[in-house]
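Okay, structure first, notes after.
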Amino acid sequence: MSNNSNKNILVLGGAGFIGSHLCEALVQKGNNVVCVDNFISSNVENIRRLLQYPSFAFIRHDVTEKIDLTSLPGLKKFKIEVYGFAEIYNFACPTSARDYTKLPIKTAVSNSIGVINGLELAREFKAKYLLASTSAVYGQPPKDDAKVKEDYYGLLDFLGPRACYNEGKRFAETLVTTYRDFYKLDTKIARIFSTYGPRMLEHAGRRIPDYIQEALSGKEVMIAGDKQWTSTFCYVKDVVEGVIALMDSNVKDPINLGHDQAHTLTEIAQKIIELTNSQAKIAYQENFAYINKPAIPDITKAKTELGWMPLISLEDGLKQTIDYLRSQSRLYQPFFSDDDKKDD
């Protein structure tokens, strides 16, 4: 465990959407950050700016394979063999709905072998460990649209098209809890609800970037599912602050991180059309098999035990996301081609 002034922190999956924002925040707080990623569902552009900082290092590696971090030349400046790592954040897993159809095996293995490898690193370095879990572990939300607390157990199809992710994350939580109890590790589980902001991949089955892209192009903004469906969306920087607060806390049990203010999907689409000054119309289509009805989080525990709550309003977050996407010559694409990304 690190005992120097700047903590050595390992972020698995650190080139992804949330992971890259987390790396930035940790570097800005004065830490030495090692990012591990294989770009299977992320983009090198997400971390390009970070590469100029001496307190940041990138290792291209698949977390489902073991790694010796004490012998890598690029990490000598952090003296890993002396100070180790104080904290390990695990965000290494494909998370966009359409990836489940292309990467089901990689998704399932990331949530099992990948999690075990991360936990073994936590054992090796006596580091605190945080798993980025998901609201998907709750399965189908309550029929009355009640907010979901951490003790809710919903129905989950463990053989369906999302099982590699939903059931995979449940198993990942079981692994983390088992390692915590058996090896006395200091572990955290963040159940992250729908998150949005810059660096989300285009055409990945995520509502907000898809709606923005359709609005900017003047196409129909296509809503999949019931027009009365509600969802919540939390801006990525708020989520990152919650994740860091959880790591710094004494909380041991899972905790919800997300926005608790619900909007219908139609309201979201209308707001995006308004903010983009688009002439696009809203259309509806049958829901995709890999998209679940969104759950609404109860974040009472995060407020009381972490002192955390989302601060960025939906309108402000959408404006920042739209401005970012407009500033790009094209929306970020995955680092690999579709053929490269498919499971073997």
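Numbering (this note's numbering), first residue to last: 30 to 373.
All C-beta atoms, glycine included, are put in the ideal place defined by N, C-alpha and C.
Burial state of residue i (16 or more Cβ within 10 Å)
i, result
"residue 66", "buried"
"residue 352", "exposed"
"residue 187", "exposed"
"residue 305", "buried"
"residue 222", "buried"
"residue 59", "exposed"
"residue 70", "buried"
"residue 279", "exposed"
"residue 171", "exposed"
"residue 36", "buried"
"residue 209", "buried"
"residue 78", "exposed"
Residue i - containing beta strand (DSSP E), residue span
i, result
"residue 305", "Careful: residue 305 lies outside any beta strand (DSSP E) and carries neither H nor E."
"residue 216", "216-221"
"residue 14", "Residue 14 is absent from the structure shown; the chain starts at 30 and stops at 373."
"residue 267", "Careful: residue 267 lies outside any beta strand (DSSP E), inside the alpha helix (DSSP H) at 265-276."
"residue 118", "116-119"
"residue 314", "311-314"
Range covered by the alpha helix (DSSP H) that runs through residue i
i, result
"residue 209", "192-212"
"residue 355", "343-356"
"residue 134", "133-139"
"residue 180", "Where residue 180 is concerned, there is no enclosing alpha helix (DSSP H), given that its DSSP letter is neither H nor E."
Contacts around residue i, its chain only, beta-carbon distance under 7 angstroms, and the 5 residues preceding and following it disregarded
i, result
"residue 137", "193 and 197"
"residue 96", "90"
Beta-carbon proximity list for residue i, same chain, < 6 angstroms, skipping 5 on both sides
i, result
"residue 244", "250, 301, 302, 305, 307 and 309"
"residue 169", "183 and 184"
"residue 215", "157"
"residue 324", "164, 167, 170 and 177"
Proximal residues to residue i (C-beta, below 8 angstroms), its chain only, five neighbours per side dropped
i, result
"residue 354", "227, 238, 241, 242, 245 and 360"
"residue 290", "261 and 343"
Distance cut-off 6 angstroms: residue i Cβ against heavy atoms of the ligand GTP
i, result
"residue 215", "You won't find the ligand GTP in this model; it holds no ligand whatsoever."
> At a cut of 8 angstroms, does the stretch 304-316 reach the stretch 237-253 through at least three beta carbon pairs?
Replying inline: yes
>> I want to know whether the stretch 75-87 touches the stretch 150-162 - three or more CB-CB distances under 8 angstroms.
In response: Contact between the stretch 75-87 and the stretch 150-162 is absent: fewer than three C-beta pairs spanning the two stretches fall below 8 angstroms.
>> With three or more beta-carbon pairs closer than 8 angstroms as the criterion, would you say the stretch 198-206 touches the stretch 258-275?
In response: no
> With a cut-off of 8 angstroms, do at least 3 Cβ pairs link the stretch 208-222 to the stretch 263-277?
Replying inline: Touching, yes.
> Touch check for the stretch 126-145 and the stretch 171-179: three-plus C-beta pairs under 8 angstroms?
Replying inline: no
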